[in-house]
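Everything below concerns the one structure shown next.
Number of protein chains: 2
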Amino acid sequence: MHDHHALLDHVMKEMPDDSTLDNLTRLFKVFGDRTRMRILYALSLEEMCVCAISEYLKIEQTAISHQLRVLRESRLIKSRREGKTVYYSLDDSHVHSIISEGYEHITEVH
Amino acid sequence: MHDHHALLDHVMKEMPDDSTLDNLTRLFKVFGDRTRMRILYALSLEEMCVCAISEYLKIEQTAISHQLRVLRESRLIKSRREGKTVYYSLDDSHVHSIISEGYEHITEVH
DNA sequence: ATATAATATGAATATCAATTCATATGAACG
DNA sequence: CGTTCATATGAATTGATATTCATATTATAT
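Given below as structure tokens:
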């Protein structure tokens with residue numbers, strides 16, 4: 001293996017700490033699932049209750065509930081209860097901007 | 111289950127098509143891995159060869175190579191060969207902006 | 001109090017993706 | 001041309017995570 005002293009010194013100094021990188025990774029992992037991405041996109045258009053999401057995406061209610069918990073724990077969505085129904089909506093402006101940046105990347109012509 | 115006609119009509123009209131959503135998901139999945147996130151961050155600081163990345167992250171060369179391929183296929187990094195050595199660097203300005211948006215989210219106080 | 005509707009949750013299963021292992025390729029050099 | 005170094009790749013294994021299944025919770029209505 002050849003030498004990389006100078007290079008690695010610089011990188012080591014500038015890299016964020018492990019916990020920051022892990023938090024970043026955890027966040028993007030949440031966007032990296034087909035079901036969650038669809039839920040997020042739908043909620044960016046309308047506040048929706050669990051069974052509306054389930055009906056629209058044609059995915060079982062319990063699978064949706066599990067994913068809503070993941071999204072809630074990442075503080076990307078929030079819920080409010082109205083009687084038996086629980087309504088979900090986006091809880092963060094970054095959802096829009098993160099998705100838009102991603103969208104720009106995938107639609108870029110090369 | 112109660113009724114959601116009007117709501118779902120609107121969501122259906124505005125949602126991007128399946129392939130767009132799948133491409134978005136695929137992209138964010140790439141950011142959602144500890145090893146790849148570290149590689150991307152390091153490459154955002156310096157152009158690096160495979161063995162420098164491997165040495166720095168203390169991860170076997172072959173695992174790094176596999177992940178570099180994933181990153182290349184997502185058009186997030188590019189490579190150039192110089193003799194036996196292959197140097198990698200970022201291939202897209204969106205890497206910076208996507209990571210920054212994520213960073214803002216995780217550092218936000220609630 | 002019981003029944004029903006909407007949602008949530010724990011555990012088991014199924015699916016998918018990262019790492020490892022073995023080996024191949026490509027380049028420089030004697 | 002054989003050896004060494006840097007990197008890449010296919011297949012096997014391991015590890016992680018999404019979905020399903022069974023069931024619990026919460027609220028409303030009769």
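As you go down the protein sequences, you meet chains A and B in turn. Each residue of the first sequence is one higher than the one before, counting from 1 in this note's numbering. Each residue of the second sequence is one higher than the one before, counting from 111 in this note's numbering. Where a beta carbon is used, it is the ideal one built from N, C-alpha and C, also for glycine. Note that this is a predicted model, so its numbers are computed, not measured.
Contact under 9 Å by Cβ, residue i with residue j
i                : j                : result
Cys146 (chain B) : Val121 (chain B) : According to the sequence provided, residue 146 (chain B) is Arg. The question's Cys does not apply to it. Cβ atoms of Arg146 (chain B) and Val121 (chain B): not closer than 9 Å.
Leu117 (chain B) : Glu46 (chain A)  : yes
Asp201 (chain B) : Leu186 (chain B) : yes
Cys49 (chain A)  : His112 (chain B) : yes
Ile216 (chain B) : Leu40 (chain A)  : no
Leu131 (chain B) : Arg38 (chain A)  : yes
Lys211 (chain B) : Glu101 (chain A) : The identity of residue 211 (chain B) in the sequence shown is Glu, whereas the question assumes Lys. Result yes, Cβ atoms of Glu211 (chain B) and Glu101 (chain A) sit closer than 9 Å.
Lys188 (chain B) : Ser203 (chain B) : no
Val140 (chain B) : Ser184 (chain B) : yes
Exposure of residue i, with buried meaning 16 or more beta-carbon neighbours within 10 Å
i                : result
Ala52 (chain A)  : buried
Thr172 (chain B) : exposed
Lys168 (chain B) : exposed
Leu32 (chain A)  : Contrary to the premise, residue 32 (chain A) reads as Gly rather than Leu in this sequence. When all chains shown are included, Gly32 (chain A) counts as buried.
Ser54 (chain A)  : buried
Val109 (chain A) : exposed
Thr195 (chain B) : exposed
Lys123 (chain B) : exposed
Same chain, Cβ closer than 6 Å to residue i, neighbours up to 5 away in sequence not counted
i               : result
Tyr87 (chain A) : Glu47, Cys49 and Arg80
Cβ shell of residue i (< 8 Å), same chain only, five flanking positions each side left out
i                : result
Ile174 (chain B) : Thr145, Ile149, Val160, Ile163, Ser164 and Leu167
Met125 (chain B) : Leu131
Sequence-distant residues of its chain with Cβ nearer than 7 Å to residue i (five each side left out)
i               : result
Val72 (chain B) : With chain B represented from 111 up to 220, any question about residue 72 (chain B) goes unanswered, as that position is not in the structure.
If you scan the stretch 53–101 of chain A from start to end, which runs of the alpha helix (DSSP H) of 4 or more residues do you find wholly inside it?
Counting only runs of 4 or more, we get 61–73.
If you measure beta-carbon to beta-carbon, which residues of the stretch 66–78 of chain A are closer than 9 Å to chain B?
Along the stretch 66–78 of chain A, the positions whose C-beta sits under 9 Å from a C-beta of chain B are Ser74, Arg75 and Leu76, read in chain order.
Just by C-beta distance, which residues in the stretch 139–158 of chain B are closer than 7 Å to chain A?
Residues are counted here when their Cβ sits less than 7 Å from a Cβ of chain A; for the stretch 139–158 of chain B these are Lys139, Phe141, Gly142, Asp143, Arg144, Met147, Arg148, Tyr151, Ala152, Leu155, Glu156 and Met158, given in chain order.
Would you mind listing the alpha helix (DSSP H) stretches within the stretch 116–146 of chain B that are 4+ residues and don't spill past its ends, in chain order?
For the stretch 116–146 of chain B, whole alpha helix (DSSP H) runs of length 4 or above, ordered along the chain, are 128–141.
Residues of the stretch 113–126 of chain B with Cβ closer than 8 Å to any Cβ of chain A, in chain order
Look at the stretch 113–126 of chain B: the residues with a C-beta under 8 Å from a C-beta of chain A are His114, Leu117, Leu118, His120, Val121, Met122, Glu124, Met125 and Pro126.
With 8 Å as the C-beta to C-beta threshold (strictly closer), list the residues of the stretch 160–171 of chain B near chain A in chain order.
Here the close residues are Cys161, Ala162, Glu165 and Tyr166.
Output, in sequence order along the chain, the residues in the stretch 191–213 of chain B whose CB is closer than 8 Å to any CB in chain A.
Thr195, Asp202, His204, Ser207, Ile208, Ile209, Glu211, Gly212 and Tyr213: these are the residues of the stretch 191–213 of chain B whose beta carbon lies less than 8 Å from some beta carbon of chain A, given in chain order.
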